[in-house]
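Visitor: I'd like to ask some things about the structure below.
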Amino acid sequence: MATAGTGLQIPSLKFWDGVSAYITFNQTYYLGITESSATASKAMVLNSTKDFTGVNLFSAATTNATTKASGTIGDFGSLQVGSTTVISSRRNISNIGTISATSLTGTLQTAAQPNITSVGTLTSLNVYGTITASNLAGFLTYGNQAAITTVGSLTELGINTTSTSEYFAIRGSGADYLDGSYTRMCRFLGSNLSPVEFQIEVHNGSLGTSTNASWIGNITANDLRFGTSNTTQMVLTAGGRLGIGTATPSASLTVPGTVSVSFGTGGSTVYRLRTDSGVTESALVPISYSVAAVFGGYIACTAMAMTSDRRLKKDIQIAPLDRIKRLYDNVDVCLYDWIESENRPGQEVGLIAQDLVSAHLTDLVSVFYRDDIEEGDDPSLEPAKQQLNVDYSRIAAYNMKMIQYLVKEIEDLRAVIR
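Letter by letter, the sequence shown follows residues 190 to 607 of the numbering used here.
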């Protein structure tokens with residue numbers, strides 16, 4: 190023992206363990222100690238601010254800490270917060286109240302635990318892989334990113350409904366996307382700034398009212414065309430004309446091909462084709478008839494009846510012979526071939542409508558609108574977009590008058606001969 194003011198020096202100081210042996214005190218553990226820094230085989234002493242560094246491995250049954258000052262790695266078997274496991278030894282995270290992050294990368298998924306039922310409001314969501322979900326509610330849209338170009342293969346698709354017996358089903362709500370009493374089911378527009386617009390609409394009323402209809406057509410004033418083999422076969426023009434076999438109908442119904450029509454079931458029913466608003470005709474200007482239908486081919490029937498009831502006529506008088514002879518004196522019977530666009534091969538015999546107009550026989554001529562007819566040399570006889578037609582059925586009355594005249598002439602000659 191040194192007593193000269195230099196402390197105690199006891200190389201072999203021993204302490205009784207309280208049971209059966211003495212333990213030698215190793216004074217080297219306490220010599221050359223650096224505060225707040227761990228040194229091998231030295232005791233640990235905190236500095237004045239209670240800091241300590243340099244420990245490679247620290248094990249404790251319970252550790253309470255306020256702040257982790259520095260470091261990059263923490264190795265734990267599991268992590269509990271408030272006696273509840275947050276990170277298990279299998280590195281599964283559970284029992285999290287709220288996650289707030291500037292960025293989340295990697296895979297966010299669920300295993301055997303309950304599915305993620307809500308993620309709150311997302312400002313944006315970028316998905317570069319595949320989205321698989323049993324249900325998507327709300328609106329699936331896109332902003333500045335590229336448009337959604339494919340959704341993969343769908344077994345069926347229902348909008349505001351569940352598809353049960355069809356591949357695609359749409360059910361209106363009766364409150365949205367309305368056009369009066371109708372719901373706009375589908376809307377198709379072209380790419381132009383002033384596009385053609387096509388729609389399919391369904392009435393929101395009960396099926397018990399027959400006038401509660403479905404509607405299909407153009408919202409804009411454009412033709413509606415139907416076709417097969419990538420070719421137009423029927424057109425409904427913006428003006429309301431229907432053409433079958435032609436894209437330029439010249440009347441309410443234009444059929445340039447062959448038409449077969451069956452009327453009635455018995456033999457006593459009579460059907461008539463007639464004008465709805467009467468006839469306006471003039472020898473010097475275009476003649477206007479209310480045309481019900483135009484047929485470019487033949488019409489075959491048992492009989493054709495024309496309105497001729499006395500009760501529907503006035504100013505009835507016997508036609509003077511000079512009025513009737515005008516047809517035979519001024520109009521020639523011609524041979525002619527149709528131009529190629531009319532698709533009517535073979536030479537025919539008939540009259541020329543313009544010859545009848547020139548002879549002031551306008552009652553034998555009808556006129557209707559036709560887009561592809563150009564103006565002729567004489568606009569008064571060949572106006573643009575107006576086709577002249579001969580009413581051969583009315584010529585029968587002219588022939589009868591002339592036959593009556595000739596019969597009388599024959600009888601007079603016979604009387605002279607006698």
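All C-beta atoms in this analysis are idealised placements derived from N, C-alpha and C, irrespective of residue type, glycine included.
#1: Tell me whether L595 sits in a helix, a strand or coil according to DSSP, three-state version.
#2: Give me the Cα-Cα distance between T353 and R373, rounded to the nearest whole angstrom.
#3: To the nearest whole angstrom, what separates the beta carbons of T435 and T426, a pair I think is in contact under 8 Å?
#4: Determine the contact status of V520 and D552, defining contact as a CB-CB distance below 7 Å.
#5: Can you tell me whether V208 is buried or exposed, with buried defined as 16 or more other CB within 10 angstroms of its CB?
#6: Give me the Cα-Cα distance between G446 and A585, rounded to the nearest whole angstrom.
#7: Which whole-angstrom value describes the C-beta separation of T242 and A227, a residue pair presumed to lie in contact below a C-beta threshold of 8 Å?
#8: Which residue or residues does DSSP assign as beta-bridge partners of M423?
#9: What first and last residue would you give for the alpha helix (DSSP H) that runs through N407?
#10: Please classify V134: does DSSP put it in a helix, a strand, or coil?
#11: I need the straight-line Cα distance from K597 to Y517, nearest angstrom please.
#12: Roughly how many angstroms separate the alpha carbons of I592 and I599, rounded to a whole number?
#13: Can you find at least 3 beta carbon pairs, one from the segment 574-589 and one from the segment 550-566, that sit closer than 8 Å?
#14: In this structure, how does DSSP classify T551 when only helix, strand and coil are distinguished?
#15: Alpha carbon to alpha carbon, how far is G379 from N407?
#16: Look at the alpha carbon of L510 and the alpha carbon of S403, and state the distance between them as a whole number of angstroms.
#17: On the three-state DSSP scale, how would you describe Q269?
#18: In chain order, which beta strand (DSSP E) runs of at least 3 residues are fully inside the segment 564-589?
Guide: The short version:
#1: helix
#2: 22 Å
#3: That pair is no contact at about 11 Å.
#4: no
#5: exposed
#6: 26 Å
#7: 7 Å
#8: F415, I433
#9: First-last for N407: 403-407, but that is the beta strand (DSSP E), not the alpha helix (DSSP H).
#10: The shown model of the chain, from 190 to 607, leaves out residue 134, and the question about it has no answer.
#11: 18 Å
#12: 10 Å
#13: yes
#14: helix
#15: 12 Å
#16: 59 Å
#17: strand
#18: 575-579
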